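A.B. asks: Below you will find the structure I want to go over with you.
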Amino acid sequence: MGFIALSNLTAHAADYAGPLFDAHLHYNTEAWNGQTGPHPVPDVFARMQRSGVKAIVSNSRPNDGTLALAQDRDEAAAAGVTVVPFVRLYRNRADYDSWFRDDSIYDMVLAELARGTPVGPYRGIGEFHLYDSANANGTVAKKLMVLAEEKQLVVLAHVDDVAIDLLMANTPSKGQKLRLIWAHTGIGGTPVKRVEDLMAKYPGLMGELSYRPGLTCDGGVLCPEWRAIMLKYPGRFLIGSDTWINQRWQQYEDNMLAYRVWLGNLPPAVAKKIAWENGLALFGMRY
Ligand SMILES: [Zn+2]
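In the UniProt record's numbering, the protein residues as written are 1 to 287.
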């Protein structure tokens, strides 16, 4: 998925040095596997702490991973990390391809919401994927968008721009009230002008920037058109680790350092919003 060699990155005086809100994190079973995996709870909190990550949107396949992070309050407190739990729609890999029409997924979401977590209620649903945007009109996808808006749950969606319009159209407010984190802000390289049009159309649309093609130019600096859209919509972007495979845990600190480099290309107040404050605002958090 287009990894950049980051091992030569080191902190520079111009880099953003403040707190980070990791708005797209997975703690999947292969990372910890009931604490016998390569990245048990203390390992991942230590990586966040070393990276200056002070809050995370956590979701996992299955949801036990998020519950494990939420359970370990002492570990989280020691690392200074606030866990914001989301219900993932996947019990296993097979669910990626059918969740949008599978009523047992909807029932699982309701059961998880009713149960809650040791750090309080779930605050969102996702991440989910739509590899074919037409599946945004699946029966369960539609029901989940209605549920999200009604329960004020934030949606984390890995979809294309066409699916953003479809998901938004399926909410009672036609996309005027739903808060949706667009994972990768168009991983297929949606043109920045199209991203800008969607931002204008949907006030609750937030763009998360992991894996976004064309975001950074030579030397890891922000490309001009991205700098421009961030200056136009400073309250609408977020950063995330997307630890979807264990390799991403191994790269966690380097990936956060790479964010700090381009955040340093923005006016400090804008950098702080994208790095940190937009996440706090999205979940009504004080710090
Ligand atoms: Zn992801």
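C-beta atoms are modelled at their ideal positions from N, C-alpha and C, and glycine is treated no differently.
This structure is a prediction, so every number in the text was calculated from the model and none was measured.
Could you tell me if the beta carbon of H24 falls within a distance shorter than 7 Å of some heavy atom in ligand 1?
C.D. replies: True, at least one ligand heavy atom lies under 7 Å from that Cβ.
A.B. asks: Is any heavy atom of ligand 1 found at a distance shorter than 7 Å from the C-beta of H39?
C.D. replies: The answer is no for H39.
A.B. asks: Is any non-hydrogen atom of ligand 1 found closer than 7 Å to the C-beta of W249, if you look at the structure I gave you?
C.D. replies: Every heavy atom of ligand 1 is 7 Å or more from the Cβ of W249, so no.
A.B. asks: What is the C-beta distance between K177 and G204, in whole angstroms, given that I count them as a contact (C-beta under 8 Å)?
C.D. replies: Indeed, because the Cβ distance is near 6 Å, the residues count as touching under 8 Å.
A.B. asks: How big is the Cα-Cα spacing for H26 and R50?
C.D. replies: Whole-angstrom Cα-Cα distance: 18 Å.
A.B. asks: Compare the C-beta of D102 against all C-beta atoms of chain D and say whether one is closer than 8 Å.
C.D. replies: Annotation note: the requested chain D is absent from the structure, which comprises a single protein chain.
A.B. asks: Taking the DSSP output, what are the residues bridged to F237?
C.D. replies: Beta-bridge pairing links F237 to G207.
A.B. asks: Within 10 angstroms of the Cβ of N33, are there 16 or more other Cβ atoms? Answer buried if so, exposed if not.
C.D. replies: Classification for N33: exposed.
A.B. asks: Excluding sequence positions up to five away, which residues of its chain have a Cβ less than 7 Å from the Cβ of I4?
C.D. replies: Annotation note: pLDDT 48 at I4 (below 50); position unreliable, no value reported.
A.B. asks: With respect to the alpha helix (DSSP H) encompassing S225, which residues constitute its N-terminal and C-terminal limits?
C.D. replies: For the sequence presented, residue 225 should be read as Glu rather than Ser. Taken as a continuous stretch (DSSP letters only), the alpha helix (DSSP H) holding E225 covers 224-232.
A.B. asks: Using beta-carbon positions only, say whether V155 and S133 come within less than 8 Å of one another.
C.D. replies: The answer is no: Cβ separation not under 8 Å.
A.B. asks: Do the segment 29-48 and the segment 269-287 meet, that is, are 3 or more Cβ pairs less than 8 Å apart?
C.D. replies: Output reads no: the segment 269-287 does not touch the segment 29-48.
A.B. asks: Can you look up A148 in the DSSP assignment and give me helix, strand or coil?
C.D. replies: Note: A148 maps to helix in three-state DSSP.
A.B. asks: Three Cβ pairs or more, each shorter than 8 Å: is that satisfied between the segment 64-73 and the segment 96-107?
C.D. replies: Because the criterion of three Cβ pairs below 8 Å is not met, the segment 64-73 and the segment 96-107 do not touch.
A.B. asks: To which residues does DSSP link D74 through a beta bridge?
C.D. replies: D74 is not bridged to any residue.
A.B. asks: Any heavy atom of ligand 1 inside 7 Å of the beta-carbon of D95?
C.D. replies: Answer for D95: no, Cβ out of range of ligand 1.
A.B. asks: On the DSSP bridge assignment, give the partners of D22 in chain order.
C.D. replies: DSSP, once it has assigned bridges, lists I56, I239 as partnering D22.
A.B. asks: Could you say if the segment 35-47 and the segment 260-272 meet the contact criterion of at least three C-beta pairs nearer than 8 Å?
C.D. replies: No, the segment 35-47 does not touch the segment 260-272.
A.B. asks: Of all the alpha helix (DSSP H) runs that stay within the bounds of the segment 118-200, which reach a length of 4 or more residues?
C.D. replies: With a minimum length of 4 residues, the continuous alpha helix (DSSP H) runs that stay inside the segment 118-200 are 139-151, 161-169.
A.B. asks: Can you grab the Cα-Cα spacing for the pair I125 / K201, in whole Å?
C.D. replies: Computed Cα separation, rounded: 22 Å.
A.B. asks: Under the three-state reduction of DSSP, which class applies to F283: helix, strand or coil?
C.D. replies: Correct three-state label for F283: coil.
A.B. asks: Kindly provide the ranges of any alpha helix (DSSP H) runs that are 4 or more residues long and lie completely inside the segment 84-120, ordered along the chain.
C.D. replies: With a minimum length of 4 residues, the continuous alpha helix (DSSP H) runs that stay inside the segment 84-120 are 103-115.
A.B. asks: Buried or exposed: which applies to Y131, given that a residue is buried once 16 or more other Cβ atoms fall within 10 Å of its Cβ?
C.D. replies: It counts as exposed.
A.B. asks: Cutting at 6 Å between CB atoms, please list the residues of its own chain near A271, excluding the five before and the five after it.
C.D. replies: Result list for A271: Y16, L263, in chain order.
A.B. asks: With DSSP as the reference, label T216 as helix, strand or coil.
C.D. replies: Here T216 sits in strand by DSSP.
A.B. asks: Give the secondary structure of A275 by DSSP, where H, G and I count as helix, E and B as strand, and everything else as coil.
C.D. replies: Three-state result, A275: helix.
A.B. asks: Between the segment 163-179 and the segment 132-151, do three or more beta carbon pairs fall short of 8 Å?
C.D. replies: Output reads yes: the segment 132-151 touches the segment 163-179.
A.B. asks: Hey, is the segment 114-123 in contact with the segment 142-150, meaning 3+ C-beta pairs nearer than 8 Å?
C.D. replies: These segments do not touch.
A.B. asks: Mind checking which residues open and close the alpha helix (DSSP H) that includes W249?
C.D. replies: Segment 246-250, the alpha helix (DSSP H) holding W249.
A.B. asks: Does T29 come out as helix, strand or coil in the three-state DSSP assignment?
C.D. replies: Residue state, collapsed to three classes: helix.
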